[in-house]
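Novice:
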Amino acid sequence: MLNEIEKALKELDSNIYYGMSTHDELSNWDYIVFNRKKMKPSSKNLLGFTDYYSITIVRENYIPEGFELKVIEEIEKNTKLKIANNEYMYNYVIKPNTNIVVELLTIDFIMAKKRVEN
């Protein structure tokens, strides 16, 4: 799944990172980070699980309008993931040693899977 996510995101941005980015203040902070978030039993009888993945869009100044929808569409079209039914908040940080505002949006995706029987 991780390779599928990376491939889909590379259709939208060439700066894709898994887990986290270690950009310094001299680098351009326009990139996307994706990661596994959690795995949760999906039923009372524990026959299945739901995997959670997160994709964080990071942009200096602001995320272009509609870009987040392109990310959702690309992920849902090219992987088995579906957007999680969550509320998504934009966050803001100041790029270290600059006066540049960085806008971030983390979007969660889910995928159900069955328990592997031995």
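Be aware that the sequence shown starts at 832, since it is given in our numbering, and climbs by one per residue. The beta-carbon is built from N, C-alpha and C at its ideal position, and this holds for glycine as well. Since the model is a prediction, treat every value here as computed from it, not as a measurement.
1) Under 8 angstroms Cβ to Cβ from Tyr-849, same chain only, skipping five residues before and after it: list those, please.
2) Alpha carbon to alpha carbon, what distance is there between Met-920 and Ile-903?
3) Checking the sheet assignment: what are the DSSP bridge partners for Pro-927?
4) In chain order, what residues of the same chain lie with their CB nearer than 8 angstroms to the CB of Met-851, ignoring the 5 residues before and after it?
5) Assign Leu-857 to buried or exposed, taking buried as 16 or more other Cβ atoms, counted over all protein chains shown, within 10 Å of its Cβ.
6) What would DSSP say about Ala-915, mapped onto helix, strand or coil?
7) Does the Cβ of Arg-890 have 16 or more other Cβ atoms within 10 Å, making it buried, or fewer, making it exposed?
8) Give me whichever residues DSSP pairs with Thr-887 in a beta bridge.
9) Tell me the residue span of the beta strand (DSSP E) that contains Ile-847.
10) Looking at the structure shown, is Asn-892 part of a helix, part of a strand, or coil, going by DSSP?
Specialist: Let me lay it out:
1) Leu-833, Glu-837, Val-864, Phe-865 and Asn-866
2) 15 angstroms
3) Note: Pro-927 sits in no beta bridge, so no partner.
4) Val-864 and Asn-866
5) Leu-857 is exposed by the Cβ-count criterion.
6) coil
7) Arg-890 comes out buried.
8) Val-864 and Thr-937
9) 847-849
10) coil
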